[in-house]
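The structure under discussion appears below in the form of structure tokens.
Residue numbers (the working numbering): 1108 to 1398.
Shown next as structure tokens:
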């Protein structure tokens, strides 16, 4: 009798666990140190943290309550985390018409390279190469514009692995970390009908322009600690973006930093900004070497 009960209990446990394992295998998403670190700089309550933890069994938590703000030239971890979980206020050291003005105070954060370099350092324990070096290091390219000027997205979907890096030259330069696809995070056509045709397009996590993040930090500046008063609002921060080839498919637009930022909205109200591939004239998808 006892053996029968134990066998029934084991079968019941398998019935519970195997479907979840099958879903994970189908989604093709596994916990990775690189993704653990990358997601930790999103804000508390971000749906991608919850979905990543659920799909992989990870236990990632946001390090900073509102995430990490964007600051062009921000690449110093000791500044970003000096007052953790509070934020550091520093004066701009120079002027840039698109990003900041000298003499004004800003919340210190990461720019796109600074963020990815921090994730790399935390993951691998050594400094990441410059973007120039990675562009020329073709031994580690999954796909690049030298061999495939028009990116073959069908082939790319099969070739990319979470943790690969996206490096691009467009009107500027940008870098982000490939984290998978919406489908891999459990989104379906029913959940996000506007995104039904884009469920298998690449998602990246990056530090970039995002007006929803700007509003979040504007509220902190207005209602938070006295040290934040008079600080200039950030133009974005660490977020998940969708690599999109067709601007006409994107329903929402906001004008920020002398450019239009296009985005979708997820069911919980989180913005999913898009990175428009049509603006890219040089690119590579880079796979970090194993050392």
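Backbone N, C-alpha and C fix where the C-beta goes; we use that ideal spot for every residue, glycine too. None of the values given here were measured: they were computed from a predicted structure.
Exercise. Quick one: what's residue 1250 bridged to in DSSP?
Worked result: Beta-bridge pairing links residue 1250 to 1392.
Exercise. By how many angstroms is the C-alpha of residue 1272 removed from the C-alpha of residue 1118?
Worked result: Residue placement at residue 1118 cannot be trusted, given a pLDDT of 36 that sits under 50; the coordinates are not used to answer.
Exercise. Is residue 1220 helix, strand or coil when you go by DSSP?
Worked result: Note: residue 1220 maps to helix in three-state DSSP.
For this session: With DSSP as the reference, label residue 1121 as helix, strand or coil.
Result: Low local confidence applies: a pLDDT of 39 at residue 1121 is under 50, so the model's placement there is unreliable, with the coordinate-based value given in what follows. Here residue 1121 sits in helix by DSSP.
Problem set entry | the stretch 1329–1344 touching the stretch 1180–1198, judged by at least three CB pairs closer than 8 Å | yes
Exercise. If you run the structure through DSSP and keep just helix, strand and coil, what is residue 1296?
Worked result: coil
Exercise. Cα separation between residue 1317 and residue 1146?
Worked result: 17 Å
Exercise. So residue 1384 and residue 1352 are in contact, right, with Cβ under 8 Å, and what is the actual spacing, rounded?
Worked result: 5 Å
For this session: Report, in whole angstroms, the separation of the C-beta atoms of residue 1217 and residue 1181, which I expect to be a contact under 8 Å.
Result: 5 Å
Exercise. Using DSSP with H/G/I as helix, E/B as strand and the rest coil, what is residue 1259?
Worked result: Coil.
Exercise. Is there contact here, the stretch 1364–1383 with the stretch 1232–1248, by at least three beta-carbon pairs under 8 Å?
Worked result: With a cut-off of 8 Å, the stretch 1232–1248 and the stretch 1364–1383 do not count as touching, because too few Cβ pairs lie within range.
Exercise. First and last residue of the beta strand (DSSP E) that includes residue 1360?
Worked result: 1359–1363
Exercise. In its own chain, which residues sit with a C-beta less than 7 Å from the C-beta of residue 1144, not counting the 5 before and 5 after it?
Worked result: Closer than 7 Å at the Cβ level, and outside the excluded window around residue 1144, lie 1226, 1229, 1230.
Exercise. How many Å lie between residue 1315 and residue 1261 at the Cα?
Worked result: 26 Å
Exercise. How do the stretch 1148–1155 and the stretch 1343–1350 stand: do at least 3 beta-carbon pairs fall below 8 Å, yes or no?
Worked result: yes
Problem set entry | residue 1277, DSSP secondary structure in three states | coil
Exercise. Going straight from the alpha carbon of residue 1307 to that of residue 1291, what length do you get?
Worked result: Roughly 8 Å separates the two Cα atoms.
Exercise. Is it true that the CB of residue 1388 sits closer than 7 Å to the CB of residue 1176?
Worked result: no
For this session: Determine the direct distance from the alpha carbon of residue 1320 to that of residue 1375, and round the result to whole angstroms.
Result: 15 Å
Exercise. Taking the alpha carbon of residue 1328 as the point to measure from, which residue in 1138, 1172, 1214 has its own alpha carbon closest?
Worked result: 1214
Problem set entry | Simplified DSSP assignment, three categories, for residue 1213 | strand
Exercise. Cα-Cα, which of 1200, 1274, 1279, 1148 is closest to residue 1240?
Worked result: 1274
For this session: Have a look at residue 1167 and residue 1395 and give me their C-alpha separation to the nearest angstrom.
Result: 22 Å
Exercise. Residue 1269 and residue 1286: beta carbons closer than 7 Å?
Worked result: yes
For this session: Whole angstroms is fine: what's the gap from residue 1386's alpha carbon to residue 1276's?
Result: Approximately 9 Å, taken between the alpha carbons.
Exercise. Relative to the C-alpha of residue 1199, which residue among 1212, 1280, 1190 is closest?
Worked result: 1212
Exercise. Between which two residues does the beta strand (DSSP E) harbouring residue 1372 extend?
Worked result: 1366–1372
Problem set entry | Under 7 Å between C-beta atoms of residue 1302 and residue 1371 | Residue 1371 sits close to residue 1302, with the two beta carbons spaced by under 7 Å.
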